[in-house]
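Quick note, the sequences are listed as chains A and B, same order.
For the first sequence, the positions run 71 to 490 when the numbering used here is used.
For the second sequence, the positions run 71 to 490 when the numbering used here is used.
Ideal placement from N, C-alpha and C gives every residue a C-beta, glycine not left out.
Remarks on the structure that follows.
Number of protein chains: 2
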Amino acid sequence: MDIGEFREFGKAAVDYIADYFETIRDRQVMPDVKPGYLEDLIPKDAPNNGESWQEVLQDLDRIIMPGITHWHSPNFHAFYPSANSFPGIVGEMLSAGFGCIGLSWIASPAYTELEVVTMNWLGKMIGLPEEFLNCSDGPGGGIIQGSASEVTFIALLAAKERKVAELKAQNTTLTESEIKGKLIAYSSDQSNSSVEKAGLLGSMPMRLLPADENGILRGTVLAKAIEEDKRKGLIPCYVVANLGTTPTCAFDSLEEFGPICQKEGIWLHVDAAYAGTAFVCPEYRYLCRGVEYADSFNFNPHKWMLVNFDCSAMWVKNAKYLVEAFNVERIYLEDAHKGMAPEYRHWQIALGRRFRALKLWFVMRIYGVEGIQKHVRHHISLAKHFSELVGKDNRFEVCSLSMGLVCFRLKGMTHSQKHC
Amino acid sequence: MDIGEFREFGKAAVDYIADYFETIRDRQVMPDVKPGYLEDLIPKDAPNNGESWQEVLQDLDRIIMPGITHWHSPNFHAFYPSANSFPGIVGEMLSAGFGCIGLSWIASPAYTELEVVTMNWLGKMIGLPEEFLNCSDGPGGGIIQGSASEVTFIALLAAKERKVAELKAQNTTLTESEIKGKLIAYSSDQSNSSVEKAGLLGSMPMRLLPADENGILRGTVLAKAIEEDKRKGLIPCYVVANLGTTPTCAFDSLEEFGPICQKEGIWLHVDAAYAGTAFVCPEYRYLCRGVEYADSFNFNPHKWMLVNFDCSAMWVKNAKYLVEAFNVERIYLEDAHKGMAPEYRHWQIALGRRFRALKLWFVMRIYGVEGIQKHVRHHISLAKHFSELVGKDNRFEVCSLSMGLVCFRLKGMTHSQKHC
């Protein structure tokens, strides 16, 4: 495909997307295909000879669209929202067009540098303490990861690194392997499946402690569990606080968790995957009080902040523990700029990096802080409106309303049926 | 931004990419900016009010381009290639446009189904045994991951899961934690940094065994290390074979490793990140002989097969061990189609998934198998041509030539300086 053909194909694809959004309201949200539907529509093998882009584009309607669940339809209400916006789509396209791999600063300086700047912008927009920013001359900073799952796992590894270093410095009689075998992590039973998965991935038992009737894990429950485990000879290492749980968007209290974690030398990670976007609006920042106690903080602009998946924002107060957990240097990765810019490859699982900062930058500039605030407030007002409508219906009762999430149920359900 | 503005912005961005490729040959490959260059060009905070897309697009030239390393310039020779192509770019754009999250089959059936089909196409194109395909009615299958780093780590976790299950079934007197503490993994000292990192991430010591003078880890060396470790009471669990090492693109022999791993019940993983694309050409498949012994196989279409980053292809003979390592179910993730299609979220770290199959499909269809073969053969012929030119120059000597990689050095260097 030559450049001229790309101009045509690319513009036809832009129109395809635009037409899709013009008609999305009228599309049936859920596809009615059966598993295996696509195999019958497509050859068993790749074509031997190349086909025209026109044929491929036409097949989107015939093969792909029947199997698309329309997440951006105004009638889609499943799961959490997946953010998207036109500026984000164009940012993604340009990132694919440049096609560099940002595996080090020198591999494409703009990749690292725009990420440093946009993560500072974003951290300031949600009111994070300066220690979390790249601009504080301290060891903190922000990075874009692919998903909250990755972030929760990575923060767990950093927590492990710090705890092992701390105990070694105290001249423990335990070997490193014995220390690791005793480490334990905590979160709420309301936390996302990815939190439990982080424990599995990182070989650290993750105790999911019972939340109260409002879906909040209380500090007293956490403190008690930690005491129990210490008596058993275990070493509490990592706590994941939820700001916006998956089932009801409940908020743990960082002011309760913080002093406990500080006293015990436990790494406090904040999972605000969905709700974190709300902190762009000052009126919701009270839900984030105590964030100064946190060691790492995460929210997903790809959930509620108009940036298309994937864009998971992570900040740490001290990146040293990430770097030490991940650093595997090779002669082919060295360059002359060591220490002058963050080498994000040591902050993440993969070596390569896409230019995800570009779409984040586009979204922040084209909407502006006010545009994003307006978007958040609009979602929350829609949830309130829906909740009022449900409240007027005799058949249903609202069991919780938080941010854009309304949980309701049929009246008169027995307790065991009460899954909100 | 409304749909009309998106049509304009999107098409302007297509032209921007097209213009970039029209001028890329004349651009200076390496930027001459210094660390921190971008901070001086950009405000300290996000704008309060939204800006126009025209302003943002103009800033690409002023702010971003000076810090781009031109990976797709014909004069770029660093690292490994990062694949890109116009069909891949358009596929990425459409994937961003649809903006679904493929966290389960029902979350967007086309996402799972196109991945099943394209991974079968791709597996057949490189000559993988049928056991690795989704179409074999067996427990095998292919999945697209983000990077070889992730894949090597994920395969390690599956290996651990299988070994623990196997020993438990043999009524070992060891506890699960004791088993895990004794597991050990092996690879070549020529393997990529990500292999060592996988050991760190997965809490399994990774022994990097010395390769021979041709960069190949011999089966005899592997067998000896395994015997040593067994005598020490360790439990050999995981071997990563390199088909195309990072320093010289050397090929370990799966025919040597395979019987050793089979005898010892060791999970054999194949890292063919770069060179795997060459197996699209039948004349290079001899380098893959013995692949029937492997438990998992990985190569990156995003390195050499014209698909833009990220697209890392992974196949396993038995996905059960991945699913068991990763499965954390929740009520909000259940649906009525369980078991009828692969639930890829149990095969990977993250919960969410992009529609990466779309760009892979576009590339395979628009180039066809012959087009991809032609691309591979052209790269290899260029390397041969370059190697001949170096050979004619009295100052240099070629130390290895394999696939698209030529390693050469100044003549007369001392041994310690001989880093190819």
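- Sequence-distant partners of A:G328 (beyond 5 residues in either direction) whose C-beta falls short of 6 Å from its own C-beta, in its chain, are G360 and Y363.
- By the Cβ rule, the segment 331-346 of chain B does not count as touching the segment 372-385 of chain A, because fewer than three pairs are nearer than 8 Å.
- For A:E404, not one C-beta of chain B is nearer than 7 Å to its own C-beta.
- Contact of A:L278 with chain B by beta-carbon distance below 9 Å is absent, the smallest such distance being about 10 Å.
- With respect to the 7 Å criterion, B:E231 and B:E394 are classified as neighbours on the basis of their beta carbons.
- Interface annotation, B:W385: not in contact with chain A, CB-CB separation never under 7 Å.
- Within the segment 389-470 of chain B, the runs of alpha helix (DSSP H) at least 4 residues long that lie entirely inside it are, in chain order, 390-396 and 426-461.
- If you check the CB distance, A:S165 and A:R423 do not come in under 7 Å.
- Two segments are said to touch when three or more pairs of C-beta atoms, one from each, lie closer than 8 Å; by this definition the segment 398-418 of chain A touches the segment 175-191 of chain A.
- Cβ contact annotation for A:F146 (same chain, cutoff 8 Å, sequence separation greater than five): V99, T139 and H140, in chain order.
- With three or more CB-CB distances shorter than 8 Å, the segment 428-439 of chain B counts as touching the segment 150-159 of chain B.
- DSSP places A:I138 in no alpha helix (DSSP H); its state is neither H nor E.
- Classified as exposed, B:D89 has fewer than 16 neighbouring CB atoms from the shown chains inside 10 Å of its CB.
- Counting only residues of its own chain and dropping the five nearest sequence neighbours on each side, A:F168 has a CB closer than 7 Å to the CB of F425.
- 7 Å or more divides the Cβ of B:V433 from the Cβ of B:M195.
- Annotation for A:A295: Y256, R277 and L279 place their beta carbon closer than 8 Å to its own, counting only its chain and skipping 5 residues before and after.
- The beta carbon of B:L198 does not come within 7 Å of any beta carbon belonging to chain A, so the residue lies off that interface.
- B:R355 sits in a helix when the DSSP states are folded into three classes.
- Under the 8 Å Cβ criterion, the segment 113-133 of chain B does not count as touching the segment 465-472 of chain A, having fewer than three qualifying pairs.
- Short of 6 Å from the beta carbon of B:F396, and not among the five residues preceding or following it, lie these beta carbons of its own chain, in chain order: H416.
- The three-state secondary structure of B:V309, taken from DSSP, is strand.
- By the C-beta criterion, the segment 285-292 of chain B is judged not to be in contact with the segment 437-454 of chain A, since fewer than 3 inter-stretch pairs fall below 8 Å.
- The C-beta of A:W191 comes closer than 7 Å to at least one C-beta of chain B.
- Closer than 8 Å at the C-beta level to chain B, one finds these residues of the segment 242-270 of chain A: S247, K250, G251, N262, S263, S264, E266, K267 and L270.
- Collapsing the DSSP output to three states places B:G289 in a helix.
- Using a Cβ-Cβ cut-off of 7 Å, B:I224 does not count as an interface residue toward chain A, since no Cβ of chain A sits closer than that to its own.
- In its chain, beyond the 5 residues on either side, P101, V103, Y107 and L108 have a beta carbon closer than 8 Å to the beta carbon of A:G137.
- Distances from the alpha-carbon of A:E236 to those of A:I249, A:A225 and A:L226 put A:I249 closest.
- Residue environment: A:N378 is assigned as buried (16 or more neighbouring CB atoms within 10 Å of its CB, all protein chains considered).
- Within the DSSP bridge table, the entry for B:Q215 names B:S382 as partners.
- Scanning the segment 80-109 of chain B for uninterrupted alpha helix (DSSP H) segments of 4 residues or longer gives nothing; none is fully contained.
- Less than 7 Å separates the beta-carbon of A:A389 from that of A:P209.
- Proximity of A:P151 to chain B, defined by a Cβ-Cβ separation below 7 Å, is not satisfied.
- Ranked by Cα distance from B:L313, the first of B:S366, B:P306, B:A268 and B:E334 is B:S366.
- DSSP places A:I254 inside the beta strand (DSSP E), whose first and last residues are L253 to S258.
- For A:S472, the pairing in a beta bridge is given by DSSP as A:L475.
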